[in-house]
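Residue numbers (my numbering): 1 to 225.
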């Protein structure tokens with residue numbers, strides 16, 4: 001059973017039947033309080049890195065350091081998700097609109113290869129997912145957890161089919177099956193399937209395995225734009 005679970009994480013199974021609601025699945029991963037404690041400790045440990053990133057962002061593109069965006073959390077509750085700002089502000093003379101023909105993904109979650117809006121430091125922190133580190137604050141506040149479905153934009157949920165609604169009953173995560181399976185190289189429909197796969201097999205062991213697999217996935221920079 002454990003071997004099968006490991007294989008499912010690396011090569012997720014296809015789920016053909018709708019997933020149930022919150023009362024059926026609940027949270028079966030790493031205890032949320034423990035995740036919050038770990039997040040605080042990690043934030044303290046990496047604080048020199050965070051300060052350095054903030055300094056580089058300010059030097060290259062003065063303005064706000066953090067980028068916040070409303071996402072859909074557990075049970076459909078909206079919350080502000082934080083990232084380091086990786087793009088020029090519209091008021092910046094370096095700002096350019098991206099070429100729509102260079103989108104690397106279909107649907108509402110478009111990503112652009114060589115997006116001209118991204119700063120030099122932005123390219124670096126995106127490549128290694130450093131821009132995502134402020135989401136540890138979201139874990140501390142309880143809006144997110146370390147492992148879970150990708151935090152969805154409200155506009156994405158309008159495209160959900162009935163079975164896709166299950167991901168809204170789970171707390172979104174800083175990392176997950178999507179992040180270790182190609183990130184921006186995966187399509188919108190593949191993202192949804194990976195999230196449903198995770199919900200189906202969520203456990204403490206699954207969460208620990210995904211966290212461990214996140215390290216090489218981030219270092220490889222695969223699917224990072």
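All C-beta atoms, glycine included, are put in the ideal place defined by N, C-alpha and C.
If you draw a straight line from the Cα of residue 90 to the Cα of residue 205, it is about 44 angstroms long. Short of 7 angstroms from the beta carbon of residue 42, and not among the five residues preceding or following it, lie these beta carbons of its own chain, in chain order: 136. Between the segment 124-138 and the segment 80-90 there are three or more C-beta pairs closer than 8 angstroms, enough to call the two in contact. Distance from the CA atom of residue 169 to the CA atom of residue 76, rounded to whole angstroms, is 7 angstroms.
Excluding five sequence positions before and after residue 207, the CB atoms of its chain that fall closer than 8 angstroms to its own CB belong to 29, 30, 146, 147, given in chain order. Within its own chain, the residues whose Cβ lies closer than 7 angstroms to the Cβ of residue 60, once the five positions on either side in sequence are excluded, are 119, 120, 121, listed in chain order.
In this structure residue 164 is not in contact with residue 178, their Cβ atoms being roughly 14 angstroms apart against a cut-off of 8 angstroms. Residue state for residue 81 is assigned as strand, using DSSP reduced to three classes.
At least 8 angstroms separates the beta-carbon of residue 172 from that of residue 63.
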